[in-house]
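A.B. asks: Below is a structure I'd like to ask you about.
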Amino acid sequence: MTDGTSEETPPPVNTIHVRENGPYAVAADIRIPGEEPLTRRTLCRCGLSKNKPFCDGSHASEGFNATGECADNESEPLETRNGPLNVTPTQDGPLMVAGNVEICAGTGHTIDRTTKTFLCRCGHSSNKPFCDGTHAKVGFKS
Ligand code: FES
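Next up, the structure:
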């Protein structure tokens, strides 16, 4: 931190915001295999980053077009809304997300509350932000 303090504390509510034509903005006690735990990460959802699973801005230069306003999933409020959030990029497939998390549209409203889900990171799902298996058809590699 530039102010000399140690890392910021994780938020009281774990969230993943789906950015319009862009990445996932994750705020939580994020655990990605092989990475230091951090409280904020921006993860690729277009499939074009050269630094997967992280966003490198390729969505903008490549013209990725995907709304951040996704359909709502009916869900109940979580008993606990924070805690470790494990985000695992699966081989040639989606991000496996395990832990308490609220998924939010780009404009901020909650579209799902879950403890486990699979988020598309190939950019081709017809059910964004969720994986629908299309990564296999399009030959996504990562
Ligand atoms: S990762 Fe995109 S459809 Fe599965």
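For the sequence shown, the positions run 127 to 268 when our numbering is used.
We put the CB at the ideal spot given by N, CA and C, even for glycine.
Using CA atoms only, rank isn't needed, just tell me which of 228, 168, 204 is closest to residue 184.
C.D. replies: When each option's Cα is compared against that of residue 184, the closest is 168.
A.B. asks: By the three-class DSSP mapping on this structure, what secondary structure does residue 154 have?
C.D. replies: Reduced to three states, the DSSP call for residue 154 is strand.
A.B. asks: Closest to residue 226 by CA distance: which of 220, 129, 211 is it?
C.D. replies: Ranking 220, 129, 211 by Cα distance to residue 226 puts 211 first.
A.B. asks: Please list the terminal residues of the continuous beta strand (DSSP E) segment that includes residue 242.
C.D. replies: 236-245 is the span of the beta strand (DSSP E), which, as asked, contains residue 242.
A.B. asks: Indicate, with yes or no, if ligand 1 has a heavy atom lying under 7 angstroms from the CB of residue 259.
C.D. replies: Yes.
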